[in-house]
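In our numbering, the protein residues as written are 26 to 130. Quick reminder that beta carbons are idealized off the backbone N, C-alpha and C, glycines included. Taking it in order: structure first as structure tokens, then the write-up.
Right, dumping it as structure tokens:
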């Protein structure tokens, strides 16, 4: 999704569409839980229920590069409404995930 977002962001082989790029970055940047909690009620009267954790195959932190690129788009207001605070939060999250803190290409 990040690579496709870059194609749209810069118009490489496709018509430039910063809104589509931002949408792809947002989807890739989305953090997903590693587990889903499922409650199983008691089987018999007076028994206790339990919570089971089921692994999410697609779970984990969102893509750091996508967060970084979307963060800059938000700060600059390109393809999305300008939101410097949210943009900086995404950039900080990307850097905390190990993405190098530099301006995107």
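Residue i burial status per 10 Å Cβ neighbour count (16 or more: buried)
| i | result |
| --- | --- |
| residue 88 | buried |
| residue 98 | buried |
| residue 109 | exposed |
| residue 50 | buried |
| residue 37 | exposed |
| residue 67 | exposed |
| residue 63 | exposed |
Helix, strand or coil at residue i [DSSP, three-state]
| i | result |
| --- | --- |
| residue 78 | strand |
| residue 102 | coil |
| residue 69 | coil |
| residue 41 | coil |
Selected residue, minimal CA-CA separation from residue i, among the options
| i | options | result |
| --- | --- | --- |
| residue 57 | 93, 105, 123, 83 | 83 |
| residue 44 | 61, 95, 126 | 95 |
| residue 80 | 61, 101, 92 | 61 |
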